[in-house]
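Chains as they are written, first to last, in the working numbering: chain A, 1 to 234; chain B, 1001 to 1323. Where is the CB? At the ideal position from N, CA and C, for every residue including glycine. None of the values given here were measured: they were computed from a predicted structure. Here's the structure, in structure tokens; my notes come after.
So, in structure tokens, the structure goes:
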């Protein structure tokens, strides 16, 4: 009996010591790639699965509710981040230990933040990610040009948003992380592969859908491809 | 020393008073935007400042005139920068704190977001948000007013919009002859009394007392206009919302002419005649209008006289709302 209590005591002690000692930070890095290379804005011509050539002039999207999944259940980080392909995007997230099995996040802004009035930081309307005529955030914004586009000036303009009911466009993304993933530094690099945006669960041909700028069926169709775009960089 | 300096700029809270007989607002629009005298005054200055527009000629007040119940008097459509016209009639800014969605189509989901729309629309104030902020930051009067309202001089989109909301959300009209009658301070003359009975029998389900709107979106049987404006459908993408527009308040209705979302009806006579001669077989017509409204000429006059009792000069002439 005495032995048993002692044993429990050791476990409790070692656990708390472990948690304190191993309290750690992870750096989550977002990268955007296409055709196997990093996206360079206003530069190269890229090709999608339908053999349509295009350039990218803008690629911005919201990431929120980041959750490092480990055995002791880290809290979900409520902060909203605006990821911009023209910038380096690193986010520091704390974890109670380093046994991280996966990461989940929301691509987009949750419905409460869509109707909470004036906000600052990533949610400042100055970031040009807020619809002023039909309120709500643009979750994912892709702009560029393509000879295949039938829109004015060959433009591609995908402003994917909508937070209500069946037309909501925010998507929860979960990515498992292999046990031996972490080496010396605690960096998780998440890649958005734009190739999978055009062809995922749904097919988005530039010739047919060069412009999406309102919530609705088309935006939902595009959003259904979000989940397949993300992967953990090995 | 620092804390003493800060104390000098602690804004003075003011209460948002719900008039007697009014329901509680559906949400507290000031929940995360503490109403203060300094915030209200800053919001008022922004509301009346034409420099916020692209050409420096158009302010919020250009289309929301106090003497017209904060609608545009005698203009079907609003005038924007560079002699442009908007596609809608400027709605009266009355009792906005009781709404859940704003604009004729309900596209605005929080009152704080509303100014972004007219500020940036090319046929309204036509200015970019970043330029609006640059203009405000360049004016030392504003630095001082932001300091007084928010405790420091930091000028942000969020603060600008919150201050504007403190002003527009405070525009409460509840002191018309109708209100005085309800409070036992006045009495209707006989035709007004008869008109009130007609109103209650035919209009009150949508233009519900005491706000004189239920803030719903309804199709009242009007035709599609030359702009192809389908109203609520553009927001919800739902075909059954075609030609639904927000039920406007009837408060100060004598001053907010012309009427309807595109100002197509010049007078109250036009509007009343529309309802009494409505083709009730129109697809998507609001179910409440399927029952014919039949009024004699005398009854129409009585109804109009009742509607005149909704004019609140203590609102339209309130110096507190004036520049």
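Inset, instruction - Kindly provide the ranges of any beta strand (DSSP E) runs that are 3 or more residues long and lie completely inside the region 64–111 of chain A, ordered along the chain. - result: 81–84, 89–95, 102–107
Q. Can you tell me the Cα-Cα spacing of residue 1089(B) and residue 1138(B), whole angstroms?
A. 33 Å
- Compute the distance between the beta-carbons of residue 66(A) and residue 79(A), then report whether it is under 9 Å. yes
Apart from the five residues on each side of it in sequence, which residues of its chain come closer than 6 Å, Cβ to Cβ, to residue 83(A)? 30, 61, 63, 89
How many whole angstroms separate the CB atoms of residue 1251(B) and residue 1029(B), which I take to be in contact at a CB cut-off of 8 Å? Not really, about 18 Å apart at Cβ, beyond 8 Å.
Original post:
Leaving out five residues before and five after residue 1290(B) in sequence, what residues of the same chain have Cβ atoms less than 6 Å from its Cβ?
Top reply: 1280
- Any C-beta of chain A under 9 Å from that of residue 1235(B): yes
Within chain A, partners of residue 1298(B) - CB distance below 8 Å: Residues of chain A passing the Cβ test: none, with the nearest at roughly 44 Å.
Out of curiosity, what's the CA-to-CA distance linking residue 21(A) and residue 95(A)? Residue placement at residue 21(A) is flagged as unreliable, the pLDDT there being 49, under the threshold of 50; the coordinate-derived value follows with that caveat. When rounded, the distance between both Cα atoms is 12 Å.
In the DSSP assignment, find the unbroken alpha helix (DSSP H) run with residue 1181(B) in it and report its ends.
1177–1182
Return helix, strand or coil for residue 1160(B), following the three-state DSSP convention. helix
| Interface residues of chain A around residue 1089(B) at Cβ under 7 Å? | Under the 7 Å cutoff, chain A gives no residues; its nearest Cβ is about 16 Å from residue 1089(B).
Drop a sphere of 10 angstroms on the beta-carbon of residue 1008(B), count the other beta-carbons inside from all chains shown, and report buried for 16 or more, exposed for fewer. exposed
Per DSSP, what kind of secondary structure is residue 1041(B) in: helix, strand or coil?
helix
- Between the region 129–146 of chain A and chain B, which residues of the former have a C-beta closer than 8 Å to a C-beta of the latter? 130, 132, 133, 134, 135, 136
Counting contacts by CB-CB distance shorter than 9 Å, is residue 1028(B) in contact with chain A?
-> no
* residue 1120(B) touches chain D at which residues, Cβ-Cβ below 8 Å? -> Looking at the structure shown, chain D is missing, and the protein chains on hand are A and B.
Checklist entry - Does the beta-carbon distance from residue 1270(B) to residue 1243(B) come in below 9 Å? => result no
Jot down the residue ranges of each uninterrupted alpha helix (DSSP H) in the region 1092–1178 of chain B, minimum 4 residues, whole runs only, in chain order. 1116–1120, 1129–1137, 1140–1150, 1157–1168
For residue 142(A), count neighbouring Cβ atoms within 10 angstroms of its own Cβ and tell me buried if that reaches 16, exposed if not. buried
If I follow the unbroken alpha helix (DSSP H) through residue 1195(B), where does it start and stop? 1190–1202
- Task: Along the beta strand (DSSP E) that carries residue 139(A), what are the first and last residues, could you check?
- Result: 136–145
Open item on the list: Closer than 7 Å between beta carbons: that is the criterion. Which residues of the region 1134–1165 of chain B meet it against chain A?
Closed with: 1156, 1157, 1158, 1161, 1162
Practice prompt. Compare the C-beta of residue 988(B) with all C-beta atoms of chain A and state if any pair is closer than 9 Å.
Written response: Given a span of 1001 to 1323 for chain B in the structure shown, any question on residue 988(B) remains unanswerable.
- Under 7 Å Cβ to Cβ from residue 39(A), same chain only, skipping five residues before and after it: list those, please. 32, 33, 56, 59, 85, 194
State the Cα-Cα distance for the pair residue 1285(B) and residue 1221(B), rounded to the nearest angstrom. 5 Å
Does any residue of chain B bring its CB to less than 9 Å from the CB of residue 114(A)?
yes
Worksheet entry | At least three beta-carbon pairs within less than 8 Å, the region 1048–1060 of chain B to the region 1229–1236 of chain B | no
Check: So which of 163(A), 178(A), 115(A) has the shortest CA-CA distance to residue 106(A)?
Finding: 163(A)
**Asked** To the nearest angstrom, how far is it from the Cα of residue 1079(B) to the Cα of residue 207(A)?
**Response** 38 Å
Check: If we count Cβ pairs, one from each stretch, closer than 8 Å, do we get three or more for the region 1015–1024 of chain B versus the region 211–226 of chain A?
Finding: no
- Message: Quick check on the burial criterion: 16 or more other C-beta atoms within 10 angstroms. Buried or exposed for residue 123(A)?
- Response: buried
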